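Undergrad: Below you'll find the structure I mean.
Numbering (the working numbering), first residue to last: 14 to 156.
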């Protein structure tokens with residue numbers, strides 16, 4: 014995995030997030046275009062990060078004025094791809110590389126396709142941002 018250089022703003026958001034949730038943040042991506050902040054938390058800590066009834070998310074949304082997205086860390090491209098579209102049930106993750114780009118096809122249960130894509134494509138955008146940052150993926154397609 015490439016070393017990620019965090020901006021001072023991302024570092025402030027991570028400190029705030031960790032104070033509010035008591036969880037370990039591995040990364041923070043600020044997506045101003047879609048008005049969201051994605052926090053990558055340590056494996057197994059997504060539930061604690063969200064809080065009872067989403068209380069931590071609501072608190073952070075109010076303070077930061079953006080949508081808050083939480084994704085558990087993954088040690089492989091496949092694992093991160095699955096976590097990025099959770100809670101959709103992923104059947105397969107396939108990587109297709111050409112000399113100019115890398116595309117990831119995420120196959121989900123047919124009944125979970127809407128969940129995987131998310132409202133206005135939010136979950137696909139989240140997956141694209143994460144997989145681009147860590148694995149230089151150009152495109153993510155839900156099938």
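In this text, a Cβ means the ideal position worked out from N, Cα and C, and glycines have one as well. All figures in this text were calculated on a predicted structure; none of them were measured in a lab.
According to DSSP, is residue 110 part of a helix, a strand, or is it coil?
TA: Correct three-state label for residue 110: strand.
Undergrad: To which residues of the same chain is residue 107 closer than 6 Å at the C-beta, ignoring the five residues directly before and after it?
TA: Hits under 6 Å: 118.
Undergrad: Looking at residue 62 and residue 37, is the spacing between their C-beta atoms short of 7 Å?
TA: Not in contact: residue 37 and residue 62 (Cβ atoms no closer than 7 Å).
Undergrad: Please work out which residues of its chain come closer than 8 Å, Cβ to Cβ, to residue 85, disregarding the five sequence neighbours upstream and downstream, and give them in chain order.
TA: Taken in chain order, the residues that qualify are 53, 54, 55, 56, 57, 58, 59, 96, 99.
Undergrad: With a threshold of 16 other CB atoms inside 10 Å of the CB of residue 129, please say whether the residue is buried or exposed.
TA: Buried is the call here.
Undergrad: So, with DSSP's three-state summary, where would you put residue 105?
TA: Note: residue 105 maps to strand in three-state DSSP.
Undergrad: Judging by CA-CA distance, which residue of 101, 28, 78 is the nearest neighbour of residue 137?
TA: It is 101 whose Cα lies nearest to the Cα of residue 137.
Undergrad: Can you check DSSP and say which residues form a bridge with residue 115?
TA: DSSP output for residue 115 lists 110 as bridge partner(s).
Undergrad: What residue range is occupied by the uninterrupted beta strand (DSSP E) comprising residue 149?
TA: Residue 149 -> no beta strand (DSSP E), and no H or E assigned at all.
Undergrad: Determine the DSSP secondary structure at residue 43, reduced to helix, strand or coil.
TA: Looking at residue 43 - three-state DSSP - the assignment turns out to be strand.
Undergrad: Going by the beta-carbon positions, is the gap between residue 79 and residue 51 smaller than 7 Å?
TA: Result no, Cβ atoms of residue 79 and residue 51 do not sit closer than 7 Å.
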